[in-house]
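Residue numbers (the working numbering), protein chains in the order written: chain A, 745 to 1171; chain B, 745 to 1171.
From the three backbone atoms N, C-alpha and C, an ideal C-beta is built for every residue, glycine too.
It should be emphasised that the depicted structure is a prediction, and the values quoted were computed from it without experimental measurement.
Working notes for the structure below.
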């Protein structure tokens, strides 16, 4: 007999069907046994003989008749006739996956990832992630961006600093891409507007709730801009569209977290870094420590201010110091100690960094020299600017941080299927 | 004045507009100068004063009036009034990008990648690639697959052998993913159907027309299959849909290569490896050398046979030897020296590998032992099979090879924006 998918049961009232899936809950009422079964299209309750011996976690096929049942969510249940166990647990599950909340500490949650991912509430995180990816792909294409894929094995580090991983590449040394920066800029010279969804690798020794050492960056780069605000406005529009698109499908997953897709304002408020630091000092009595542009607490308070005063979950912070931004960042001609770029804060956490790039060859070479950056291995990138690049800029956005903030997850690691940190290379 | 996009000119007949873009050709007729200008939405011809001094490659803005012109492809041209050079070439282009054919050897083509990518015919490759990505994303979702992103930094190699890259990961050794194999299988236990578009890394020392050391794999994995043919049939359907979707948008790019999107048969012909070897020996007098399952020449001839005899550009080769397939491949119970999997050949080149996996824990452990594969670092993967995995399988498909074969490119490196090979880490 052919398999019927759970979402198709609505068309099969009073018909005999064969469903296949995983048992996600079992309730034994003495006289009957209720099995809750999940396949990739939905969840259904099956009523079975009291002698049925099936465990939560088993993979089964169930032959039965589809009956209307107003008490059930889907409006239907299956009067089961026969259960076959396609694949049985060899050991008892070490976790109770049928509970509403797993209530595990992060280490246990991640160590048992292939099981904890099966929990309904954790599945929801990655269903939402799937919808985010789809929405980004859709919206970027609507805005005229071409999807590109650029190499992750590089001859030279793109972002400077020491936070890159080294790879033995035949008889050479390679580094893992910290960003697609050089390549997406080169591609502005080709397609004018490009986007990439790709892995980036950061050898940061931080062990925090907002860092992982490998993540998926939602990148974009666009040409013929008049100012860096063209970039922040595009990011604003893209996020607004994405959140609207996500809303359509995400409801059941958000509900499990009592979360809402907040509205992205038509115009996200924006402050210069120096302004917002003054504001949070005055308003919340918090002074960002010397030596950093802004710290996580400062970002949280900036987010709090935007929410309290401007009713926005998003806020742009602009004009970061020249000394803290990479060599390709465009200095503000009004004040060359600052750069024409931004971070985007969502509910108090930085989710994106962007800005205008230097597109003039001589200015780029001078800026590198001032910063003491050597050209070694990036000649191909620098030479591109001899051949007429339009004014341009773009952003890199942490996909997992968006999910973390939407759902209010304590750690970003909960928003990564198999996260990597200083101590974790498995699962 | 605000910029008008080239695709919007059709609505602006006899109006004054400002367009921005790159000059892709210049023809000086003495009395007037014709500039061909490209932006991300199209290409337009501009007629300008004979004194206009602009070079191919310059980034310009042109103020002018939109005029009907039946001789031009778009039906319009711009009577230019004023040209501004937004960004000028600092050096003459080392290549003539206005020629129909670049006629460069592969090394020169790749060494000058940020310029050669600007050539119309090379742009077309990556426009087609963008359409392929979009189509894969769309079709996989239609078929109920959830998009996932899995780690590329691993504690253990997934495919065995020695062809993996090593990474210094803090104080440990990591390897770069040769495939998302372990993770996509685990995810079958969660979502039943998953797909991934991601980077894979192969430390193969080959220097050929069909290998690169980093590429984008189009992966899929699905549960509750009855046989490995469920996988090959799904791949068949997915490719058929993708080729139909691509056809709608790809025409202008295909035309530059005199290429067509061939029809993917409703049922791609399929041969056992042993059968097809006999056939090509008999028909073409070619005997595949001892010690390999099939070689590139064998694949070419298999493709030739499918085309000549069955009018198909695609052919499945199934039942590869147990000894040549990774430890997770399901042996054929009829003949355990063979596995229940396939390669897909497109126009004589392997573009995908797939098959059914072992889902039974004991069988997996026995198979590993027989193969002499050690469990080190993959316990998390193996343990998953103690907890009831459905029968499942999937494929990995080389995205760039599909493009190579559609366009008839001599080397796969032409289908990668910035390819990586044994000798190349830049650009």
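Any C-beta of chain A sitting closer than 8 Å to the C-beta of residue i?
| i | result |
| --- | --- |
| residue 1105 of chain B | yes |
| residue 1166 of chain B | yes |
| residue 1149 of chain B | no |
| residue 867 of chain B | yes |
| residue 1132 of chain B | yes |
| residue 1126 of chain B | no |
| residue 973 of chain B | no |
| residue 874 of chain B | yes |
| residue 833 of chain B | yes |
| residue 945 of chain B | yes |
| residue 878 of chain B | yes |
| residue 1043 of chain B | no |
| residue 1056 of chain B | no |
Closest by CA to residue i, which one among the options?
| i | options | result |
| --- | --- | --- |
| residue 823 of chain A | A:917, A:903, A:759, A:867 | A:759 |
| residue 849 of chain B | B:1054, B:1157, B:881 | B:1157 |
| residue 1016 of chain B | B:827, B:972, B:1063 | B:1063 |
| residue 1187 of chain B | B:912, B:884, B:923 | No answer is possible for residue 1187 of chain B: it lies beyond the span of chain B, which begins at 745 and ends at 1171. |
| residue 1129 of chain B | B:942, B:1165, B:933 | B:933 |
| residue 1022 of chain A | A:1042, A:796, A:791, A:1084 | A:1042 |
| residue 1104 of chain A | A:1125, A:877, A:1118, A:786 | A:1125 |
| residue 778 of chain B | B:785, B:786, B:790 | B:790 |
| residue 939 of chain A | A:956, A:961, A:1131 | A:961 |
| residue 1048 of chain B | B:1074, B:958, B:1092 | B:1092 |
| residue 818 of chain A | A:837, A:857, A:752 | A:752 |
| residue 866 of chain B | B:885, B:842, B:968 | B:842 |
| residue 968 of chain B | A:781, A:1159, A:803 | A:803 |
| residue 863 of chain A | A:809, A:886, A:851, A:837 | A:837 |
| residue 765 of chain A | B:1134, B:1165, B:1118, B:1155 | B:1134 |
Since residue i and residue j are thought to touch, with beta carbons under 8 Å apart, how far apart are those beta carbons, to the nearest angstrom?
| i | j | result |
| --- | --- | --- |
| residue 806 of chain B | residue 750 of chain B | That belief does not hold up - the Cβ atoms of residue 806 of chain B and residue 750 of chain B are roughly 11 Å apart, past 8 Å. |
| residue 1169 of chain A | residue 896 of chain B | Not a contact, Cβ separation roughly 11 Å. |
| residue 1147 of chain A | residue 869 of chain A | 6 Å |
| residue 785 of chain B | residue 763 of chain B | Residue 785 of chain B to residue 763 of chain B, Cβ: 10 Å. No contact. |
Let me confirm a value: residue i is counted as buried when at least 16 other C-beta atoms fall within 10 Å, else exposed. Which label applies?
| i | result |
| --- | --- |
| residue 860 of chain A | buried |
| residue 745 of chain A | exposed |
| residue 919 of chain A | buried |
| residue 1163 of chain B | buried |
| residue 1019 of chain A | exposed |
| residue 1078 of chain A | exposed |
| residue 840 of chain B | exposed |
| residue 834 of chain B | exposed |
| residue 826 of chain B | exposed |
| residue 1031 of chain A | exposed |
| residue 1123 of chain B | exposed |
| residue 937 of chain A | buried |
| residue 949 of chain B | exposed |
| residue 844 of chain A | exposed |
| residue 971 of chain A | exposed |
Using a Cβ-Cβ cut-off of 8 Å, state whether residue i counts as contacting chain B.
| i | result |
| --- | --- |
| residue 830 of chain A | yes |
| residue 937 of chain A | yes |
| residue 1015 of chain A | no |
| residue 911 of chain A | yes |
| residue 895 of chain A | yes |
| residue 886 of chain A | no |
| residue 803 of chain A | yes |
| residue 1170 of chain A | yes |
| residue 785 of chain A | yes |
| residue 1087 of chain A | no |
| residue 969 of chain A | no |
| residue 934 of chain A | yes |
| residue 930 of chain A | yes |
| residue 951 of chain A | no |
| residue 756 of chain A | no |
| residue 958 of chain A | yes |
TODO: Decide yes or no for the touch test of the region 991-1011 of chain B against the region 889-898 of chain B: beta carbon pairs closer than 8 Å, at least 3 of them.
DONE: No: fewer than three Cβ pairs fall under 8 Å.
Task: Segment contact flag, the region 1004-1014 of chain B with the region 1050-1069 of chain B, C-beta cutoff 8 Å, min 3 pairs - done: Inter-segment contact for the region 1004-1014 of chain B and the region 1050-1069 of chain B is present: three or more beta-carbon pairs are separated by less than 8 Å.
Open item on the list: Check whether the region 758-773 of chain B and the region 1093-1107 of chain A touch, using three or more Cβ-Cβ pairs below 8 Å as the test.
Closed with: Taking one beta carbon from each stretch, the region 758-773 of chain B and the region 1093-1107 of chain A have fewer than 3 pairs nearer than 8 Å; the two do not touch.
Task: contact_flag[the region 792-804 of chain A, the region 1065-1083 of chain B] where n(CB pairs < 8 Å) is 3 or more - done: Output reads no: the region 1065-1083 of chain B does not touch the region 792-804 of chain A.
Open item on the list: Assess contact between the region 978-995 of chain A and the region 874-886 of chain A, defined as three or more Cβ pairs (one per stretch) separated by less than 8 Å. Is contact present?
Closed with: Touching, per the Cβ criterion.
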